[in-house]
Each structure stands twice: as structure tokens, then as C-alpha cells.
Amino acid sequence: MPEGPATIVWNEDEASRLAPQRTFLIFGLRRGGTTSVALAARELGLYLGEQYAVNLEDQEFREFKGVESIRATIAARNAAHDVWGWKHPQPLRYFETIYDDLRNPRFIFVTRDMTATALGIAKREVMTADAAINDVATVLGRNLALLRQLKRPALFVSYEKLLLRPEAVIRELAGFLGMACDEATCARITGQIVPGRYQPESRYGWRGKLRDTARIWLTS
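Its first residue numbered 1, the sequence shown is counted upward by one per residue in the UniProt record's numbering.
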């Protein structure tokens, strides 16, 4: 039996998909696989900024920068790029205040097995598993509520599906981004996605801007 889709699309419409100006937010939960999806999007050609850390999280969109600084960054990106995006696992604390500044916002919502996500949070943030699973459930609910409220195009990407069916997920991600993904490109990106980490750029010759040559954990 042929395999079905590897991702889920909500609220897609042709006007948004074909518009020359598109802004993408890659988000989900902490320790939920957003970095690996951001890596794939970047390798497909999505501009994700210059000031990002090794987890591809744009430092210009960190909450401590303040809303006015983030809005200024959005204005600068809009002026410089028709199509761009940023990755932030949990941007909800400031998102509503910047939403109107975004041109044609499109969402890439990364999901991961709740147990694995909670265990990762509990280990990294030194909290009980009970507290972590409650936190995961709360944030997941808020994320879904936001997508329902805004009714904007959204692509649901499963971290597990990305590991099990990487080429299918990458092709569907490329389609949502409006970017090309030929066989060679898909194969190259697939080779960069390794469970739990990815390898140094110097060893595999990645086209990227990561400055850290150490092994980097993907499940941030």
C-alpha cells in the first residue's frame, strides 16, 4: 500500500502560497525537534537570519531583546527579503504584539512524541517528569489555540516522521515553503539529519553558516 502524506497542512490557500512575500515561523516546544526542521528549511533556501546560535535560533528574536527591537528586526527583514523566516520554539509570550508586522505569515509547527519531549525538558531543565509533561501539554494546547485563532496556513511536521521518512517530509516542507527540492537536494538534506545531532560542517561540507564545529544536538 502506498504511504500517505508525511505532514499535515491546515488552512492552505493559493493566494498565500503563491504570494511573492511570505514569512515563516518555525515553532513548537522546547526539546521538540524544531532545530532539525529549521536546518532542513535553511538548506532548502529559507533565509533564517545571521545572528543565530548553534541551534539555529535567531538571537534577534529572543524575548530579552524586547518587543520594539523585534519589531525593528522584522521591518529590516521585510525590507531586505521577500521570503524569510525564523525559528523560535516558544514565541507565544510576544507573538501577538508582532503579528501585524508580519507579511503573509505562514506557520511550521513542529511536533514530537510528548513523552520524549517531556523527558528531554526534565533532564535539561532539572524538573520532575510530572512537571515537564504538564508543561508540554499546556504549551501544546496554547500553540494549537493560536493556530485555530489565526486561521493562517500551517504545516504540521512530526520530528519522528522526519527521522523515519525524511525525503517525504523534506519534499512536503519544500512545497509549503514554495521552494524547489530536486532528488539531489533532498538526498543531501536527508544525509544531514541524524537522530539526536548533526555532524560538523567541515566534515560533511554543509552549505551553512554554523560557526561551531562540534556536534550539535538537534532536539532543542
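Cβ coordinates follow ideal geometry from the N, Cα and C atoms, glycine included.
Span separating the alpha-carbon of residue i from that of residue j
i, j, result
"R207", "T138", "Confidence at R207 is low in this model, with a pLDDT of 33, below 50, so the placement of that residue should be treated as unreliable; the coordinate-derived value is given next. Approximately 37 Å between the Cα atoms of the pair."
"I26", "R165", "19 Å"
"K123", "T111", "19 Å"
"I133", "E3", "31 Å"
"I193", "L163", "7 Å"
"A80", "T73", "11 Å"
"A19", "G178", "9 Å"
"Y198", "A131", "At Y198 the pLDDT is 39, less than 50, meaning the model places this residue with poor confidence; the figure from the coordinates comes in the next sentence. In a straight line, the C-alpha of Y198 is about 29 Å away from that of A131."
"R106", "D13", "11 Å"
"K151", "N11", "6 Å"
"L155", "V126", "31 Å"
"E50", "R42", "12 Å"
"R188", "V37", "14 Å"
First through last residue of the alpha helix (DSSP H) which encompasses residue i
i, result
"I121", "114-125"
"I98", "92-98"
"R188", "183-192"
"T35", "34-44"
"P5", "First-last for P5: undefined, no H or E at that position."
"E50", "Premise fails: E50 is in no alpha helix (DSSP H) and is neither H nor E."
Cβ-Cβ distance between residue i and residue j below 7 Å
i, j, result
"K87", "L56", "yes"
"V136", "M114", "yes"
"R93", "E63", "yes"
"R103", "T23", "yes"
Burial state of residue i (16 or more Cβ within 10 Å)
i, result
"R75", "Checking the sequence, you will find Ala at residue 75 rather than Arg. Per the 10 Å Cβ criterion, exposed."
"S69", "exposed"
"V67", "exposed"
"T117", "buried"
"A180", "exposed"
"G28", "buried"
"H97", "In the sequence as presented, His is not what sits at residue 97; that position holds Thr. Exposed, since its Cβ has fewer than 16 Cβ neighbours within 10 Å."
CB contact below 7 Å: residue i versus chain D
i, result
"V126", "This model lacks chain D altogether, as it is built from one protein chain only."
Residue range of the beta strand (DSSP E) that includes residue i
i, result
"L25", "22-27"
"K87", "83-87"
"V157", "154-158"
"R106", "105-111"
Cβ-heavy atom distance, residue i to the ligand PLP, below 6 Å
i, result
"I108", "The ligand PLP is not part of this structure, which contains no ligands at all."
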